[in-house]
Amino acid sequence: MSIQSEIGQADLVMEPSVGDFIQLMKPRVMALVVFTALAAMLAAPGHINPVLGMIGIICIAVGAGASGALNMWYDADIDARMARTAARPLPRGRVTADEALSFGGVLSVGSVVTLGVLVNWTAGALLALTIAYYIFVYTMWLKRRTPQNIVIGGAAGAFPPMIGWAVVTGGIGLPSLLLFLIIFMWTPPHFWALALYRCRDYERVGVPMLPVVAGPDATRRQILIYSILLVPLAVVPYFVGLGGLAYLGVSVVLGVVFLALAFRVYVTREGREADTAARRLFLFSILYLYALFATLFVEALFHRLMA
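Be aware that the sequence shown starts at 1, since it is given in the UniProt record's numbering, and climbs by one per residue.
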């Protein structure tokens, strides 16, 4: 039985619009992916032709969008039963499963080949690994089988700075691995905060997110642990020369706020206040990651302009 027939929408499929295909690409997630990759490109040593740099960013964006489309194709059955995702194009019948699969497949191959041929194959291979990891490892294997889905699967969202670094340098440097680790450690508290106040959604569709399997108290404890590990790690770029004084200040100040919000989640365990605390941490975590990479971006851009 096809995914489309499983959710009972086959007879409701309408002619898809451009907006529907853009929505398939998860533009908000894609924006964060592109931004972290761009910051890494500017922070990387060496120079790249601006045209090739632009091609690199476009390919990374398209590859991220392809991952989103393939994820929505595979998860259409559970998306239809979750309040947060029920309005997506597949559950609403605006795009068919075959259209989503073809769209994601073409974008995946096109972005990887273009990046490899026109820029370099290290970056192309990393982009291919990112797409494959997100679809086969996270979406198809981990998401519905283990509460560690976010921890292990989080690597997919942490690869973009490495791809951006490789676009410029043609290789993988230790600084790009550090940026990978920051996003990797950021992912669990970010998504588990969301899962805390969306727990019923995940429980309804049988996705074993940590709050569903281990309970909210264990999840709050893990959020606090990962936050304690993340915040000092996020300061390290200053000490290895990747970030400057502005980065040090931003990472320390926002890190303190992050820890305070994580502790608030840990101690607030009843009623609406608990959901509010989790939601605040989730929203702030997005600002936190954007601010770290925005500071790296601005510092690197300043240094390049002054060079």
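Glycine included, C-beta positions come from ideal geometry on N, C-alpha and C.
Secondary structure, alpha helix (DSSP H): runs of 4+ residues fully inside the segment 92-153: 97-118, 121-132, 149-153
Exposure of His303, with buried meaning 16 or more beta-carbon neighbours within 10 Å: One-based indexing of the sequence shown puts residue 303 at position 303. Exposed, since its Cβ has fewer than 16 Cβ neighbours within 10 Å.
Min CB distance Gly241 to chain C below 8 Å: Here chain C cannot be found, since the structure has a single protein chain.
Bounding residues of the alpha helix (DSSP H) (the contiguous stretch that carries His190): If you number the sequence shown from 1, residue 190 lands on position 190. It spans 174-197 - the alpha helix (DSSP H) in which His190 sits, taken as one unbroken run.
Cβ pair Val106, Ala64 closer than 8 Å: One-based indexing of the sequence shown puts residue 106 at position 106. One-based indexing of the sequence shown puts residue 64 at position 64. Contact: no.
Spatial distance of Gly56 from Ala66 (CA atoms): Counting from 1 along the sequence shown, the entry for residue 56 is found at position 56. Counting from 1 along the sequence shown, the entry for residue 66 is found at position 66. Answer to the nearest angstrom: the Cα atoms are 15 Å apart.
Per-residue burial, Val151 [other beta carbons within 10 Å of its own, 16 or more giving buried]: Looking up residue 151 in the sequence shown gives position 151. Answer is buried; the Cβ neighbour count reaches 16.
Whole-angstrom distance between Ala294 and Val112, CA atom to CA atom: As a working mapping, residue 112 is identified with position 112 in the sequence shown. As a working mapping, residue 294 is identified with position 294 in the sequence shown. Using only the alpha carbons, I get a separation of about 26 Å.
With 16 other Cβ atoms within 10 Å as the buried cut-off, status of Val240: To locate residue 240, count along the sequence shown from 1; it is residue 240. That one is exposed.
Separation of Pro91 from Gly8, as counted between CA atoms: Locating residue 8 in the sequence shown gives position 8, counting from the first residue. Locating residue 91 in the sequence shown gives position 91, counting from the first residue. Here the model assigns Gly8 a pLDDT of 43, short of 50, so the residue's position is not dependable, and the following value carries that caveat. If you draw a straight line from the Cα of Gly8 to the Cα of Pro91, it is about 9 Å long.
Sequence-distant residues of the same chain with beta carbon closer than 8 Å to Leu181, five excluded per side: Translated into the one-based positions of the sequence shown, residue 181 becomes position 181. Same-chain partners within the cutoff: Ala158, Leu233.
Per-residue burial, Met41 [other beta carbons within 10 Å of its own, 16 or more giving buried]: Here the question's residue 41 lines up with position 41 in the sequence shown. By the neighbour-count rule (16 or more Cβ atoms within 10 Å), Met41 is buried.
CA-to-CA distance, Phe297 to Arg221, given in whole angstroms: As a first step, residue 221 must be located in the sequence shown, where it is residue number 221. As a first step, residue 297 must be located in the sequence shown, where it is residue number 297. Taking the CA atoms as reference points, Arg221 sits about 33 Å from Phe297.
Whole-angstrom distance between Ile228 and Arg272, CA atom to CA atom: Along the sequence shown, one-based indexing puts residue 272 at 272. Along the sequence shown, one-based indexing puts residue 228 at 228. Counting only the Cα atoms, Ile228 lies some 25 Å from Arg272.
Reduced DSSP category for Leu281 - H, G, I as helix; E, B as strand; rest coil: By 1-based counting over the sequence shown, the position of residue 281 is 281. In the structure shown, Leu281 sits in a helix (DSSP, three-state: H, G or I).
Span of the alpha helix (DSSP H) around Ser17: Taking the sequence shown and counting its residues from 1, one reaches residue 17 at position 17. Element bounds for Ser17: n/a, residue is neither H nor E.
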